[in-house]
Every structure is written in structure tokens, then in C-alpha cells.
Amino acid sequence: MKYDIQLGMLATRAVSELVQAAAENDAQRYRLFLKTSAEFCQSVRESSPQFELDRTVPNDATAFISAVMKISEQRCSERDRDRVYRVARLEPLIQQVLLENRLPTEDEQERIAEMLYEASAADFS
Amino acid sequence: MSRNLLVFLLSSSAENLVRLEDILERRRLAAASREYTAILTAMVDLCANYRHHYLAHRPTIHRLLEGAQLPRVEELALKTLLRNCINTFLTLHELLLFLPRESLRKEMQFFAQSLFGPKYSIRDLSIILTSLYNAFEYSLDVAIRRLDVFMTKVPDAKRLTFGHVMELAIVDRDNPLSWGVLAHEFGHYLDEKHSISSALAAQFVTTKIRPPSGAASGLHKLFRDLASEIFADLTAYYLLGPVSVLPVVNMELDLGLATDKPMPFDRAHPLTITRVTMVEALAAGDNMRLEFFSPYLEALREDDAAKCAQLGPAEKTERDDIDRYVNYFIDEVKADLLARLGGLGLRRFGSVNLQAAVELKPRLEAGVPIGARRKASEKEVRRKLKTLAGGRKVAESRGVFDLLREDPASVAEVVTAGWVAKCEKKSRVLVEAFSQKMEADVFPYLSKVIQQQDMLLMKSIEIISVISGEEHDSAGH
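Chains as they are written, first to last, in the numbering used here: chain A, 1 to 125; chain Z, 126 to 602.
Following this line, the structure appears as C-alpha cells:
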């Protein structure tokens, strides 16, 4: 079983903020929910073997980076891909709500909560 | 997700958290060596964090336990908490392997001795506390044989024989309700010692499948492993009755929460739902009603259906094909395996034992150990004692006083009574815990209930050992 305890804790922290924000109608907590969710997304991207490296580097490192990316692709499980895909779909939305400095709508809360649930599953492959 | 399944998962993940914290606290006290302090502190802190998050979800948990339909966001949030709590528990449990170990409980040794009867010898069989996966999936023998160092460095590795080792998860050391997994392991020991399932599997492959010679060895191995697991399940059922399958259900649901898709067929164990169906069919044939355990069995069915709905059409067909053939194989070999088991002189659990367990349960709930019972009811004993008056013959009086004698229950009855009580009070305990006035009292309450349940069951098993020992002595041995 492959499971990242730190990622799990981030997802848990995010949903705890969400339920408390809803119970207390607390804008500050909603913001913490969004920030922790954004942190979760970033951590998923960074911890994924599929994590994109910047390819805009001087020529002599291109071959090296391509080789590293290829190895990473091979090491990436179906679960990893699914996790990165889910995060990639929601991260822009989270950033946008944060940027607009507003409360997430009910639909947005549900979509983010769903992503946190799905993306924090363990990998048994 | 249904309310029943959510309540089950809530109860299970909270219990795992409490048990893990208790273990870590004991390790922290016992293992004073400084090299362990950092990791133990980190693990304890992580558990404390999860406790804190449970409390943040307290209003949602209240609504769930009151039977209210949770809004979608709240349900997702609660599931995220439970999923990560269980995943963290599973991961930390692996880390326990690297910390100083505790010894086995003497009650567990007696449990094994008593349940496995004349076929158990401590010289041939040892029990170790190990990882959850080893306890439920792989035998130590197989795990060692698969090691690179073993395969490549040990001369004549295939010829080496090992003694048999039964494995129990570290977290289950003090939990007699989980000791049923040892009955499954004992089945593997019997199977190996008496060469029971392999011959039947070989016969099945040769006569029913009739493979071309090139494919035979792989098929023989597949069906040998499958037959061995079926025999182990049958042994566990034979000795311990229907509750033998409940630790497996528990583990399947815990793992089920950790991920979204159903566990795939591992080329040895039938799917858990199939194992449960087999036990249900056996129990029905033995006139045993299983409604006491329905919260667990229903939770498993709901979880399995939800997971299967996540599969694509091809994966679903594959799973159904495998399951159909495994069921056919079970039908083909079950009667023969049971007949071989019946010839080993073991004590079989029957409907009388289930009835006895159900009758013991109220005493357990009243906080009284249930290792012994009187044949007559307390009311009857009192009535007869009142009839004694002066001038009665000694033999007559002795007959009445004999009614006070207590006979030992069986360990299987004790464990079954424990499961019946646990299934019945699962929701109630959660309601009581999460209704504590002070937040700080929620987990200590849960911990107290769990420790009390463990202690009562172990005390009951100890009482059986004491009374059985006395009978043994008074019989002049």
C-alpha cells in the first residue's frame, strides 16, 4: 500500500476547516479551507512521479530532463495519474476563488471536497 | 454511502485510532530508549491530530448517529476524515514493526490451546505479532521464501522446511474478537501437516479442467493455493462458528475505505464477499441464525456493491467470471474438505454453542466475565436452596448445593458472545462517546469501553483456563 501521511493530513485539515466554516458561517475558516486545499494540490503535484519539470532550460540539460521525465512516467501508477488529473482540474478553481477573495459556492465546496476525498485514497496497485 | 456503512466505518476507524494510541502509549512507557522517542512522539502527535479532527466533525457525527440524511458536502468531509484516519492507521501500524515488541498474552495462548484442542502443540506452532497484511494475507513461510536473499543466497532453499508460524496483527494483541484469524491460520497448519487440500485441488484440475501439459503446473499451483484458503476458512468456521469470518470482514471494510475500487482477486483468497457467502451457507445448514451480525455483513455487501459500480464493464465481467468459477470450485471441494476436517478429532462449533453465546451476552454486557456458567438459573438455585431445611439427607442437600457449581464455557462461545454484544452496541457506544459534555472526554470514553470489552473477554478466557485446570486436576491427572 502506498499512502502519503502528510497529504492525508492536509486533506483532513481542509475538510475540517470546511465543516467548521459551514457550521459557524465563518469567512476566515472558508479561506483556510481554500488555502489548505491549494496546499494539498501543490503537494500532490510535487510528490507525483509525473511532476512536470521545467523544460525551458539550457540545451545541455534537455536530454537529462527528458530521461528523468521518462523514468518518472514509467514509475507513475494509474492511481498517481488519477490523483494528478483530479487535482489539475480543481486547482485553478481554488486559486480563482482565493484571488477573487470570496466564499466558495455550495457547488464549488462540493467539487473541492470530492477532489480531496478521491485524491487522498491509498494506492494498492 | 448508506448510514449503516458510514456508522460502521466511523466505529472501526475510531477504534483503530484508540487501539493504536494505547499501544503507542505503552511503548512510550516501556521503551525508555532514547532512539525511539522521536518516532513514538511523532506517531502519538499524529493520532492526537486525528482525534482533534474527529471532534471538529462532531456535529456531523451527531446528525449521522441520529439517523439524519447528511448533506453531500458533510458526507464527503466525513468520508475524507475516515479514509485518511484509516490510511494513516494502516501506515503507522507498519511502523510498529520497527519498534520494540510486546509479548503475547497468556490468554491468547490458552485460547489457541483450548480452541485447537488435541491438534495444537506449542512446540510445533508459534504465534507472532506482525503487520496487518501478514496477519490477513501472507504466511511468514511464503513471505520468507519470496525474499531475494533467501532465493539467491540460501543453498537448496526449496528443501528447507519451516515450523508453522501463526501471525496476528500487533493491534489485535489485546483484542480477543480478532483472535479468530488464528483459527484460519491453524487451518493452514492442519492442511500442511495432513496434506488435505492439495490432493483435492490436483484431482479437480486433472478431472475437471484437463489442461494441456504445459499449462498444468500453473493451474495446479493456483487451485492448490485456492483450496488451501478454502480449507483454512472451513477450519475457522468449524472451530469458531460464523464469527470466524468477521475479522476478515472488518479488515476488508477498513481497506475498502482506503481506496475506491474493490480488492482484486489475489490468486489465493476467494473474494471476501464469497467467503462470507460460504460461511452463511454453512451456518444455514447448521441451523445457525446470523442476524446478530447483520450490521457487519450488510456493510460489506453495500461496500462491495458500491465498489463494483466503479468498475468498467470489462473489469466487472472479469471479476464475475473469476467469482463464478471460484464458487463452482468451492461447491466441488467443500464436502470433501469438511469430511477430512471432521476426521481430525477437533471440537466443532454448532448451533448449541451459538445459543449458549447469545445467552451469555447479557452477563457480558452487565460487566461480568462469562468464562463459566451454572446449568440452573439463579432463580431455580435460590428456590431449591430455600427448600433445604434441617433433617434433610446429606446427599439430598449436596444435590442442591451442586447446582451452584459452575461449568466452563468454551472460548468459542466467549468470543461469539463478544461479537454479538459488539454488533448490538456499536451505534450506542458511538452515541454515548460523542455525546460527552466535554470534548476532551470523547476519546477517553471510547478507550474505556474498548479496554473494558477486551479485559472482560480475556478475564472470561482466563476463568475457563482456571476451571478447566481444576477439572483436570480433580480428575486425578
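The beta-carbon is built from N, C-alpha and C at its ideal position, and this holds for glycine as well. Computed from a prediction, not measured in an experiment: that's the story for all the values here.
Report the neighbours of K204 of chain Z on chain A: residues whose CB is nearer than 7 Å to its CB, in chain order.
Locating residue 204 of chain Z in the second sequence gives position 79, where the first residue counts as 1. The answer, in chain order, is Y117.
So what does P533 of chain Z bridge to, in DSSP terms?
By one-based count along the second sequence, residue 533 of chain Z stands at place 408. DSSP, once it has assigned bridges, lists Z:A497 as partnering P533 of chain Z.
Once you ignore the five residues that flank G381 of chain Z on each side, which residues in its own chain have a CB closer than 7 Å to its CB?
In the second sequence, counting from the first residue as 1, residue 381 of chain Z sits at position 256. Contacts found: D428, K432.
Can you list the residues of chain A that L215 of chain Z reaches, using a CB-CB cut of under 8 Å?
As a first step, residue 215 of chain Z is located in the second sequence; it is residue number 90 there, counting from the start. Those within 8 Å of L215 of chain Z in chain A are M1, Y3, A122.
Pull out every residue of the segment 97-117 of chain A whose Cβ sits closer than 8 Å to any Cβ of chain Z, in chain order.
Cβ contacts with chain Z come from E106, Q109, E110, A113, E114, L116, Y117.
Start and end of the beta strand (DSSP E) containing I252 of chain Z?
Numbered from 1 along the second sequence, position 127 holds the residue referred to as residue 252 of chain Z. It spans 250-255 - the beta strand (DSSP E) in which I252 of chain Z sits, taken as one unbroken run.
So which residues on chain A does E354 of chain Z lean against when the C-beta distance must stay under 9 Å?
In the second sequence, counting from the first residue as 1, residue 354 of chain Z sits at position 229. Those do not exist, as E354 of chain Z stays about 19 Å from chain A at its closest Cβ, beyond 9 Å.
When you compare only the Cα positions, how much space is there between I164 of chain Z and Q6 of chain A?
Position 39 of the second sequence, counted from the start, is the residue given in the question as residue 164 of chain Z. Position 6 of the first sequence, counted from the start, is the residue given in the question as residue 6 of chain A. Approximately 15 Å between the Cα atoms of the pair.
So what does H289 of chain Z bridge to, in DSSP terms?
If you number the second sequence from 1, residue 289 of chain Z lands on position 164. H289 of chain Z pairs with Z:L250.
Exposed or buried, R517 of chain Z, counting other C-beta atoms within 10 Å across all chains shown (16 or more means buried)?
Residue numbering aside, residue 517 of chain Z sits at position 392 when the second sequence is read from its first letter. Counting Cβ neighbours within 10 Å, R517 of chain Z comes out exposed, since fewer than 16 surround it.
Quick one: give me the first and last residue of the alpha helix (DSSP H) that A383 of chain Z is part of.
Here residue 383 of chain Z refers to the residue found at position 258 when the second sequence is read from its first residue. That run of the alpha helix (DSSP H) goes 371-383.
Just grab the DSSP bridge partners of D123 of chain A for me.
Position 123 of the first sequence, counted from the start, is the residue given in the question as residue 123 of chain A. Note: D123 of chain A sits in a beta bridge opposite A:K2.
Residues in the same chain with beta-carbon distance under 6 Å from H602 of chain Z, minus the five sequence neighbours each way, listed in chain order, please.
By 1-based counting over the second sequence, the position of residue 602 of chain Z is 477. Here H602 of chain Z scores only 45 on pLDDT, less than 50, and its place in the model is too uncertain to base an answer on.
Compute the Euclidean distance between the alpha carbons of V545 of chain Z and Q480 of chain Z, then round it to the nearest angstrom.
In the second sequence, residue 545 of chain Z corresponds to position 420, counting from 1. In the second sequence, residue 480 of chain Z corresponds to position 355, counting from 1. C-alpha separation (whole angstroms): 11 Å.
Does A294 of chain Z come out as helix, strand or coil in the three-state DSSP assignment?
If you number the second sequence from 1, residue 294 of chain Z lands on position 169. Three-state result, A294 of chain Z: strand.
Could you run through the segment 19-42 of chain A and flag, in chain order, every residue whose CB is less than 8 Å away from some CB of chain Z?
Against chain Z - using a Cβ distance shorter than 8 Å - the residues of the segment 19-42 of chain A are V19, Q20, A22, A23.
So, for T331 of chain Z: in the same chain, excluding its five sequence neighbours on each side, which residues have a beta-carbon less than 7 Å away from its beta-carbon?
As a working mapping, residue 331 of chain Z is identified with position 206 in the second sequence. There are no such residues.
If you run the structure through DSSP and keep just helix, strand and coil, what is H602 of chain Z?
Taking the second sequence and counting its residues from 1, the one referred to as residue 602 of chain Z is at position 477. In this prediction, H602 of chain Z has a pLDDT of 45, which is less than 50 and means its spatial position is unreliable; what the coordinates show is noted afterwards. DSSP places H602 of chain Z in coil when its eight states are reduced to three.
Exposed or buried, F133 of chain Z, counting other C-beta atoms within 10 Å across all chains shown (16 or more means buried)?
As a first step, residue 133 of chain Z is located in the second sequence; it is residue number 8 there, counting from the start. F133 of chain Z comes out buried.
Any C-beta of chain Z sitting closer than 7 Å to the C-beta of A11 of chain A?
Counted from its first residue, the first sequence places residue 11 of chain A at position 11. A11 of chain A counts as touching chain Z.
Once you ignore the five residues that flank S552 of chain Z on each side, which residues in its own chain have a CB closer than 7 Å to its CB?
The residue you call residue 552 of chain Z lines up with position 427 of the second sequence. So the qualifying residues of the chain are V132, L190.
How many whole angstroms separate the CB atoms of R498 of chain Z and D532 of chain Z, which I take to be in contact at a CB cut-off of 8 Å?
Counted from its first residue, the second sequence places residue 498 of chain Z at position 373. Counted from its first residue, the second sequence places residue 532 of chain Z at position 407. That belief holds up - the Cβ atoms of R498 of chain Z and D532 of chain Z are roughly 6 Å apart, short of 8 Å.
What three-state label does DSSP hand A193 of chain Z in the structure shown?
Translated into the one-based positions of the second sequence, residue 193 of chain Z becomes position 68. DSSP places A193 of chain Z in coil when its eight states are reduced to three.
Within 10 Å of its beta-carbon, does E503 of chain Z have 16 or more other beta-carbons around it, so buried, or fewer, so exposed?
Here residue 503 of chain Z refers to the residue found at position 378 when the second sequence is read from its first residue. The residue is exposed, with fewer than 16 neighbouring Cβ atoms inside 10 Å.
Any beta carbon of chain Z sitting closer than 7 Å to that of S16 of chain A?
Here residue 16 of chain A refers to the residue found at position 16 when the first sequence is read from its first residue. Chain Z contact via Cβ: present.
Shortest alpha-carbon distance to S303 of chain Z belongs to which of Z:V539, Z:E549, Z:I589?
Within the second sequence, residue 303 of chain Z is the residue found at index 178, counting from 1. With distances taken between Cα atoms, S303 of chain Z lies closest to Z:V539.
Can you pull the chain A residues whose beta carbon is under 7 Å from the beta carbon of E423 of chain Z, in chain order?
Sequence index remark: in the second sequence, residue 423 of chain Z carries index 298 (1-based). Those within 7 Å of E423 of chain Z in chain A number zero; the least Cβ separation is about 23 Å.
For P438 of chain Z, which residues in chain A fall below 7 Å Cβ to Cβ?
As a working mapping, residue 438 of chain Z is identified with position 313 in the second sequence. Those do not exist, as P438 of chain Z stays about 17 Å from chain A at its closest Cβ, beyond 7 Å.
Taking only beta-carbon positions, decide if L135 of chain Z is within less than 7 Å of chain A.
Reading the second sequence from its first residue, position 10 is the one you call residue 135 of chain Z. Output row for L135 of chain Z: interface = no.
Between L344 of chain Z and L462 of chain Z, is the Cβ-Cβ spacing less than 7 Å?
Taking the second sequence and counting its residues from 1, the one referred to as residue 344 of chain Z is at position 219. Taking the second sequence and counting its residues from 1, the one referred to as residue 462 of chain Z is at position 337. No, they are not a contact pair.
For I321 of chain Z versus F356 of chain Z, is the C-beta distance shorter than 7 Å?
Walking along the second sequence from the start, residue 321 of chain Z turns up at place 196. Walking along the second sequence from the start, residue 356 of chain Z turns up at place 231. Going by C-beta atoms, I321 of chain Z is nearer than 7 Å to F356 of chain Z.
In the DSSP assignment, the alpha helix (DSSP H) including K486 of chain Z goes from what residue to what residue?
Counted from its first residue, the second sequence places residue 486 of chain Z at position 361. Run containing K486 of chain Z: 476-490, per the alpha helix (DSSP H) assignment.
Given a limit of 7 Å on CB to CB distance, which residues of the segment 181-193 of chain Z reach chain A?
If the cut-off is 7 Å between Cβ atoms, the segment 181-193 of chain Z has A181, H182, P184, T185 near chain A.
If you run the structure through DSSP and keep just helix, strand and coil, what is R111 of chain A?
One-based indexing of the first sequence puts residue 111 of chain A at position 111. Reduced to three states, the DSSP call for R111 of chain A is helix.
Name the chain A residues that come within less than 8 Å of D385 of chain Z, Cβ to Cβ?
In the second sequence, counting from the first residue as 1, residue 385 of chain Z sits at position 260. Going along chain A in sequence order, the residues near D385 of chain Z (Cβ under 8 Å) are E118, A121.
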